[in-house]
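Report on the following structure.
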Amino acid sequence: LNLGSKMVLDATRNGLPAPSNARQAGHAAAPVPSFDEDAIRCLHPRIRALRVLEGCLVAVQVEGEGRSVVEALVRADALQAAKLVVVVSSDVELRDRESLLWGIFTRFDPARDVVFAESELHGSWPVYRGCLSIDATFKSGYPDPIVMEPAVVQRVTQRWHHYFSA
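Right, here's the structure in full:
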């Protein structure tokens, strides 16, 4: 489609790259935050499941539209330590990293679907604070997801070693 806005995430500190080894630079490793998954599930009635990855990404599977869920989650005390919260549709399998990545990065338009807990303008420079939250749910007007026929999946699985042998 190649429609919609684009987004670049600059994960450097003050415009400088992070040290290659934080401990050598005199920084202690930050503790990995933990999240109360039951408390998160109670934040919105359409939450079906969730998965926390690497202590920073909270992926939340919902039934139906995701914007109201994102807006509830971005300000929730239970998610204050999260760096990234992404709400995905019920067809996205949270335990399958490929499905999860595909479900996140093919289903949002940054200008429309990204929400922060706080945003303000300093002159013409937007400043955002808090968790980066994304509504990556399937939206009206999107093309139907591609689903492989089970016979094709089985045939590729059986012949995988033949296709990609070294």
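Start counting the sequence shown at -1; every next residue gets the next number (the working numbering).
All C-beta atoms in this analysis are idealised placements derived from N, C-alpha and C, irrespective of residue type, glycine included.
One question on the structure: do residue i and residue j come within less than 8 Å of each other, judged by their Cβ atoms?
{"i": "R46", "j": "V60", "result": "yes"}
{"i": "V87", "j": "T135", "result": "Sequence check: residue 87 is Ser here, not Val. Going by C-beta atoms, S87 is nearer than 8 Å to T135."}
{"i": "G53", "j": "P31", "result": "yes"}
{"i": "V72", "j": "A115", "result": "yes"}
{"i": "H42", "j": "A70", "result": "yes"}
{"i": "R77", "j": "F33", "result": "Per the sequence presented here, residue 77 reads as Leu, with Arg not at that position. Taking 8 Å as the Cβ cut-off, L77 and F33 qualify as a contacting pair."}
{"i": "P108", "j": "K4", "result": "yes"}
Grouping DSSP H, G and I as helix and E and B as strand, with all else coil, what is residue i?
{"i": "I144", "result": "coil"}
{"i": "H120", "result": "strand"}
{"i": "V30", "result": "coil"}
{"i": "G128", "result": "strand"}
{"i": "R153", "result": "helix"}
Using the beta-carbon count (16 or more within 10 Å), is residue i buried or exposed?
{"i": "V84", "result": "buried"}
{"i": "V145", "result": "exposed"}
{"i": "D75", "result": "exposed"}
{"i": "S131", "result": "buried"}
{"i": "V90", "result": "buried"}
From residue i to residue j, what does the alpha carbon distance come to, in whole angstroms?
{"i": "V150", "j": "R157", "result": "11 Å"}
{"i": "L92", "j": "F106", "result": "17 Å"}
{"i": "R39", "j": "V68", "result": "13 Å"}
{"i": "V113", "j": "Q152", "result": "40 Å"}
{"i": "E96", "j": "T104", "result": "12 Å"}
{"i": "R127", "j": "L119", "result": "12 Å"}
{"i": "V191", "j": "W123", "result": "What the structure shows of the chain is the stretch from -1 to 164, and residue 191 is not part of that stretch, so it cannot be assessed."}
{"i": "V58", "j": "A28", "result": "24 Å"}
{"i": "C129", "j": "E147", "result": "38 Å"}
Excluding the 5 residues flanking residue i on each side, which residues of the same chain have their C-beta closer than 6 Å to its C-beta?
{"i": "K81", "result": "C54"}
{"i": "R65", "result": "D133"}
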